[in-house]
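S.K.: This is the structure I want to talk about, given as structure tokens.
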Amino acid sequence: MLWSLILIYLIGPNIARVGKVTQSSTAYNGPASRAIDGNRASKYSESSCTHTQNQIKPWWRLDLLKTYKVETVTITNRNYCCHERINGAEIRIGNSLNDNGNTNPKCAVISSMSAGASTTFQCRGMEGRYVNIVIPGRREFLTLCEVEVTGVNVLVSCNASNVTELNGTTSQSSNYTDDGGVVYSSERAIEDGNNCSHTSEQRNPWWRIDLLGVYRIYWISIFNTGHHNGDITDAKIYIGNSREKNGTTNRIRTNITNFTRNGWNDFCFDTNVSGRYITVFLPKTSFLILCRMKIFGTKKESPFKLIRENKTWVEALEHCRDQDMHLASIVDKETQTWAELEARNSSTLFVWLGLRYTCVLEFWFWVEDLPVKFSRWAPDKKIDDCNMSGAMRRKGKHLWFSKSDVKKYNFICAE
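What the sequence shown shows, in mature numbering (1 follows the signal peptide of the UniProt record, and there is no 0), is residues -16 to -1, 1 to 399, in sequence order.
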């Protein structure tokens, strides 16, 4: 049942032993390498603990040689003497060597540890090549009797510069509610911590996120907790700009053929993959559980610009041309999506598009001399008549309406 989603993750192999280590200084024959010798012996005379000099902000650093999603860091403290020295130490993980790596994001603060204790700190997939343990703000010795790290390597093909973790509005086909009344809603999939989204058992469950903008998607990471209903093998990931059929009319970008248990699963994409909507669809009767989902990408710049001034269609056309632009033409799903994003911020119920009816030739056309091959007309709202122009509704499905061109609305210009 659902309570089993909150579990202790199986500890994977200790990746610290494949790395290289250094520290701020060395004293009492306690080199940095002792912390990764595979021995938790905590008596200093057993020659398995590190030791720095008494200094301001002493530190120890592990270089994993590659970028990892770090799950846990386990530290063994010194026994028989001086165990309180580690109090206040910070564990930091990241890819920067600024200040010897001590400015990377913080995984945990060690408030206190018992003498000889081995304590595990949850870093929950923090990404980084370097693991630092530093005592900030005071003069102290730093002694570590063992440091163990678990995590998974971030695939090189998933690396991209200047990407950000994306967020948005989520939905799913149904919500599972446990016996305690907890609703496992869609937004839990992208929340920090151990939360998971969870549908009811049903035919073809799905989960979708609206990124509220068009993004290039570089990779998606999903954590498999090992829950018996958490295997999403055979699921498909759709990415695109359509909401139709819950986003499943978009292109399939990944077929999940293997979903690794008790670890991160990374799904990487070509640089030309972009969209506003991402849907995870499981084509069978099942639950759909998604945990700690992370989406990485970069925002694409809109080709359109909303003008929040009320003008007739002709006035709007002239305004755009005065700015070396033109009224927007919508030729496919992507440009429809861009226009929708602009229309949402209008101060009028409709916004003018560059769509016009010609009485002479009796057809609709775009002012860029483009034929109307793609359309989103509202039912029975396409009126073939003189002095009619096309406008998009600000709300709902952002459908198109024929409007008298003397009406005054906001409008969308295009570069």
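Don't be surprised by glycine CBs; every beta carbon is placed ideally from N, CA and C.
With DSSP run on the structure shown, which of helix, strand or coil describes Arg62?
M.R.: Along the sequence shown, read from residue 1 onward, the residue named residue 62 stands at position 78. It is coil, neither helix nor strand.
S.K.: Return the first residue and the last residue of the alpha helix (DSSP H) that Asp306 is part of.
M.R.: Translated into the one-based positions of the sequence shown, residue 306 becomes position 322. Its alpha helix (DSSP H) spans residues 297 to 306.
S.K.: Just the Cα atoms here: how many angstroms apart are Cys180 and Phe288?
M.R.: The count along the sequence shown starts at 1 and reaches residue 180 at position 196. The count along the sequence shown starts at 1 and reaches residue 288 at position 304. If I take the Cα positions, the gap works out to 37 Å.
S.K.: Which one or two residues does DSSP pair with Phe271 in a beta bridge?
M.R.: Taking the first residue of the sequence shown as 1, we reach residue 271 at position 287. Answer by DSSP bridge pairing: none, since Phe271 is not bridged.
S.K.: Bridge partners of Thr238, per DSSP?
M.R.: Position 254 of the sequence shown, counted from the first residue, corresponds to residue 238. According to DSSP, which records beta bridges pairwise, Thr238 is partnered with Ile221.
S.K.: On the criterion of 16 or more Cβ atoms from any shown chain inside 10 Å, does Leu337 qualify as buried, or is it exposed?
M.R.: In the sequence shown, residue 337 corresponds to position 353, counting from 1. Counting Cβ neighbours within 10 Å, Leu337 comes out buried, since at least 16 surround it.
S.K.: Bridge partners of Ser388, per DSSP?
M.R.: Position 404 of the sequence shown, counting from 1, holds the residue named residue 388. Answer by DSSP bridge pairing, in chain order: Met372.
S.K.: With Ala300 and Met376 assumed to form a contact (beta carbons below 8 Å), what rounded beta-carbon distance in angstroms separates them?
M.R.: Reading the sequence shown from its first residue, position 316 is the one you call residue 300. Reading the sequence shown from its first residue, position 392 is the one you call residue 376. Not quite, the Cβ-Cβ distance comes to about 13 Å (not below 8 Å), so this is no contact.
S.K.: Using DSSP bridges, identify the partner residues of Leu339.
M.R.: Within the sequence shown, residue 339 is the residue found at index 355, counting from 1. Bridge partners of Leu339: Trp350.
S.K.: What's the gap between the Cα of Tyr114 and the Cα of Asp47?
M.R.: Locating residue 114 in the sequence shown gives position 130, where the first residue counts as 1. Locating residue 47 in the sequence shown gives position 63, where the first residue counts as 1. Rounded to the nearest angstrom, the two C-alpha atoms are 5 Å apart.
S.K.: Could you tell me the distance, in whole angstroms, from the CA atom of Ile314 to the CA atom of Glu352?
M.R.: As a working note, residue 314 is residue 330 in the sequence shown. As a working note, residue 352 is residue 368 in the sequence shown. Straight-line Cα distance between these residues: approximately 10 Å.
S.K.: Should the stretch 171 to 178 be called in touch with the stretch 267 to 280, which here means at least 3 C-beta pairs below 8 Å?
M.R.: yes
S.K.: By alpha-carbon positions, which one of Ile201, Asn239, Tyr160 ends up nearest to Asn213?
M.R.: What you label residue 213 is simply residue 229 of the sequence shown in a count that begins at 1. Of Ile201, Asn239, Tyr160, the residue nearest in Cα terms is Tyr160.
S.K.: Identify which residue in Ile70, Asn230, Phe385 has its Cα closest to the Cα of Asp364.
M.R.: Reading the sequence shown from its first residue, position 380 is the one you call residue 364. Closest option to Asp364, Cα to Cα, is Phe385.
S.K.: I believe Lys295 touches Phe265 by the beta-carbon criterion, under 8 Å. Please report the beta-carbon distance rounded to the nearest angstrom.
M.R.: For this step, residue 295 is matched to residue 311 along the sequence shown. For this step, residue 265 is matched to residue 281 along the sequence shown. With 8 Å as the limit, Lys295 and Phe265 do not qualify as a contact, their Cβ atoms being about 43 Å apart.
S.K.: Could you tell me the alpha carbon to alpha carbon distance between Thr321 and Val356, rounded to whole angstroms?
M.R.: Walking along the sequence shown from the start, residue 321 turns up at place 337. Walking along the sequence shown from the start, residue 356 turns up at place 372. Straight-line Cα distance between these residues: approximately 17 Å.
S.K.: From Thr6 to Glu324, what does the alpha carbon distance come to, in whole angstroms?
M.R.: Locating residue 6 in the sequence shown gives position 22, where the first residue counts as 1. Locating residue 324 in the sequence shown gives position 340, where the first residue counts as 1. Roughly 54 Å between the two C-alpha positions.
S.K.: From what residue to what residue does the beta strand (DSSP E) around Leu195 run?
M.R.: Indexing the sequence shown from 1 puts residue 195 at position 211. That run of the beta strand (DSSP E) goes 190 to 208.
S.K.: Would you call Leu345 buried or exposed, if buried means 16 or more other Cβ atoms sit within 10 Å of its Cβ?
M.R.: As a first step, residue 345 is located in the sequence shown; it is residue number 361 there, counting from the start. Exposed.
S.K.: Using only CA atoms, which one of Thr60, Thr104, Lys387 lies nearest to Tyr28?
M.R.: In the sequence shown, counting from the first residue as 1, residue 28 sits at position 44. Measuring from the Cα of Tyr28, the nearest candidate turns out to be Thr60.
S.K.: Determine, using beta-carbon pairs with one atom in the stretch 122 to 133 and one in the stretch 24 to 40, whether at least three such pairs fall under 8 Å.
M.R.: Because the criterion of three Cβ pairs below 8 Å is met, the stretch 122 to 133 and the stretch 24 to 40 touch.
S.K.: For the beta strand (DSSP E) holding Lys317, just list the boundary residues, first then last.
M.R.: On the sequence shown, residue 317 is found 333 positions in, with the first residue counted as 1. No beta strand (DSSP E) holds Lys317; the alpha helix (DSSP H) holding it covers 317 to 327.
S.K.: Would you report the Cα separation of Tyr341 and Ser286, rounded to the nearest angstrom?
M.R.: For the purposes of this step, residue 341 is identified with residue 357 of the sequence shown, where counting begins at 1. For the purposes of this step, residue 286 is identified with residue 302 of the sequence shown, where counting begins at 1. Their backbone Cα atoms lie some 26 Å apart in a straight line.
S.K.: Quick check on this structure: which residue in His182, Gly281, Arg378 has the alpha carbon closest to the alpha carbon of Thr154?
M.R.: Start at 1 with the first residue of the sequence shown, and residue 154 comes out as number 170. Looking at the Cα atoms, His182 is the closest of the given residues.
S.K.: When burial is assigned at 16 or more other CB atoms within 10 Å of the CB, is Tyr393 buried or exposed?
M.R.: Working through the sequence shown from its first residue, we reach residue 393 at position 409. Buried, since its Cβ has 16 or more Cβ neighbours within 10 Å.
S.K.: With DSSP as the reference, please indicate the residues paired to Arg18 in a beta bridge.
M.R.: Position 34 of the sequence shown holds residue 18. Beta-bridge pairing links Arg18 to no other residue.
S.K.: Starting from Ile216, follow the beta strand (DSSP E) in both directions and report where the run begins and ends.
M.R.: To locate residue 216, count along the sequence shown from 1; it is residue 232. Premise fails: Ile216 is in no beta strand (DSSP E) and is neither H nor E.
S.K.: Under DSSP, the beta strand (DSSP E) around Glu130 begins and ends at which residues?
M.R.: Your numbering for residue 130 matches position 146 in the sequence shown. Where Glu130 is concerned, the enclosing beta strand (DSSP E) stretches over 130 to 137.
S.K.: Could you tell me whether the stretch 72 to 80 touches the stretch 109 to 126, using the rule of 3 or more Cβ pairs below 8 Å?
M.R.: yes
S.K.: Buried or exposed: Leu(-12), going by 16 or more other Cβ atoms within 10 Å of its Cβ?
M.R.: As a working mapping, residue -12 is identified with position 5 in the sequence shown. Low per-residue confidence applies at Leu(-12): pLDDT is 28, beneath 50, and the placement is therefore not dependable, though the value from the model is reported in the following sentence. Burial check for Leu(-12): the Cβ neighbour count within 10 Å reaches 16 or more, so the residue is buried.
S.K.: On the three-pair Cβ rule with 8 Å, is the stretch 88 to 101 touching the stretch 8 to 21?
M.R.: No: the two stretches stay apart, fewer than three of their Cβ pairs being nearer than 8 Å.
S.K.: Which of the three DSSP states is assigned to residue 405 in this structure?
M.R.: No answer is possible for residue 405: it lies beyond the span of the chain, which begins at -16 and ends at 399.
S.K.: Along the chain, where does the beta strand (DSSP E) that runs through Gly398 open and close?
M.R.: Here residue 398 corresponds to residue number 414 of the sequence shown, with the count starting at 1. Here residue 398 turns out to be Ala, not Gly, going by the sequence shown. Looking at the DSSP string, the run of the beta strand (DSSP E) that includes Ala398 is 393 to 398.
S.K.: Buried or exposed for Gln307, please, with buried defined as at least 16 other CB atoms from any protein chain shown within 10 angstroms of its CB.
M.R.: As a first step, residue 307 is located in the sequence shown; it is residue number 323 there, counting from the start. The residue is exposed, with fewer than 16 neighbouring Cβ atoms inside 10 Å.
S.K.: Buried or exposed: where does Ser331 fall if 16 or more other Cβ atoms within 10 Å of its Cβ makes it buried?
M.R.: The residue you call residue 331 lines up with position 347 of the sequence shown. Exposed, because fewer than 16 other Cβ atoms sit within 10 Å of the Cβ of Ser331.
S.K.: May I ask you to report which of helix, strand or coil DSSP gives Ala(-1)?
M.R.: Numbered from 1 along the sequence shown, position 16 holds the residue referred to as residue -1. If DSSP states are grouped into helix, strand and coil, Ala(-1) belongs with the helices.
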